[in-house]
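Down below is the structure, laid out as structure tokens.
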Amino acid sequence: MNERCPWCGDDPLYQHYHDHEWGVPNHDEGSLFECLNLEGAQAGLSWITVLRKREHYRRVFDGFDAEKIARYDERKVADLLVDSGIIRNRLKVAATIGNAQAYLALRDKGLTLDQYLWGFVEGKSQINHYRTLQEVPTTTAVAQAMSKDLKERGFRFVGPTIVYAFMQATGMVNDHLTSCPRHRDLNPGVQS
1 MNERCPWCGD DPLYQHYHDH EWGVPNHDEG SLFECLNLEG AQAGLSWITV LRKREHYRRV
61 FDGFDAEKIA RYDERKVADL LVDSGIIRNR LKVAATIGNA QAYLALRDKG LTLDQYLWGF
121 VEGKSQINHY RTLQEVPTTT AVAQAMSKDL KERGFRFVGP TIVYAFMQAT GMVNDHLTSC
181 PRHRDLNPGV QS
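Quick note on numbering: the sequence shown equals residues 1 to 192 in UniProt numbering.
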């Protein structure tokens, strides 16, 4: 039986995300920075909530340009907190600004986000072989290590569960169920 992972349900936006983005190895700096922040914005909510707001997030957060975000002032924060197109949580907005500053500090040390984050998985996707959603973990030792290091570097809203969701989204792990065609698509030559 070849069925999509059931978590995306029948919502066309969610299915498109599942079919074209989730689990695809992502090495693009801007996209990694965006995803890390959007996963943090999701904390306590469902991913579809953030996914529906993603385009608006991109507009109001200057395309997730870290250099611009790092310079946001209280006026910009006040504008964001009244914008119903995003999740209006002061801590999450502040975290995005702080994350931009932490990212720039990382870059100043000669590390790209791609090198740094993918280094936790030695630069290659971990291919899992889960048959049911119940088998898929919410965090792993690698996610815990990444979370700890991110926090030490000043990143926020990067707990182990958020980090593992980020790893799934960016293809650091392939957690598509073995019955899902995307499991094989993303790992040609690997037996499901």
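C-beta atoms are modelled at their ideal positions from N, C-alpha and C, and glycine is treated no differently.
CB contact flag (residue i, residue j, <8 Å)
i: Leu150; j: Gly171; result: no
i: Ala78; j: Ala100; result: no
i: Tyr14; j: Leu51; result: yes
i: Gly154; j: Lys92; result: no
i: Lys109; j: Ile86; result: no
i: Leu81; j: Arg75; result: no
i: Cys8; j: His20; result: no
i: Ile97; j: Tyr72; result: yes
i: Trp22; j: Ala169; result: yes
Proximal residues to residue i (C-beta, below 7 Å), its chain only, five neighbours per side dropped
i: Ala143; result: Pro160, Val163, Tyr164 and Met167
i: Asp114; result: His27, Glu29 and Leu32
i: Asp62; result: Lys68 and Ile69
i: Ser147; result: Val158, Gly159, Pro160 and Val163
i: Arg58; result: Phe64
i: Ser125; result: Pro25, Gly171, Met172, Val173 and Asn174
i: Gly119; result: none
i: Glu34; result: Phe64
i: Gln134; result: none
i: Pro145; result: First, the amino acid is wrong: residue 145 is Ala here, not Pro. Counting only Cβ-Cβ distances below 7 Å, and skipping sequence neighbours, we find Phe120.
i: Thr139; result: Pro160, Thr161 and Tyr164
i: Gly123; result: none
i: His56; result: Gly85 and Ile86
i: Ala95; result: Gly40, Arg156 and Phe157
i: Thr112; result: Glu29
8 Å Cβ shell around residue i - same chain, five flanking residues per side excluded
i: Leu104; result: Ala66, Glu67 and Ala70
i: Ile48; result: Asp11, Leu13 and Tyr14
i: Ala43; result: Lys92, Phe157, Gly159 and Ile162
i: Asn128; result: Val136, Val173, Asn174 and Asp175
i: Glu152; result: none
Identity of the residues DSSP links to residue i by a beta bridge
i: Asn99; result: BP columns for Asn99 are empty, so no partner.
i: Val93; result: Bridge partners of Val93: none, in fact.
i: Asn174; result: Ile127
Residues of its chain near residue i, where Cβ-Cβ distance is below 6 Å and the 5 sequence neighbours each way are ignored
i: Val24; result: Gly171
i: Pro6; result: none
i: Tyr130; result: Val136 and Leu177
i: Ala102; result: Arg153, Gly154 and Phe155
i: Leu36; result: Phe166
* Only counting runs of 4 or more residues, tell me where the alpha helix (DSSP H) segments fall wholly within the segment 33 to 81, in order along the chain. => If you keep only unbroken alpha helix (DSSP H) runs of at least 4 residues inside the segment 33 to 81, you get 47 to 60, 66 to 69 and 74 to 81.
* To do: Report the residue ranges of all alpha helix (DSSP H) runs contained in full by the segment 104 to 159; include only those spanning at least 4 residues, in chain order.
  => Runs found: 113 to 118 and 141 to 152.
* **Touch test, the segment 2 to 16 against the segment 171 to 182, Cβ-Cβ under 8 Å, three pairs minimum** => Touching, yes, given that three or more Cβ pairs across the two stretches are closer than 8 Å.
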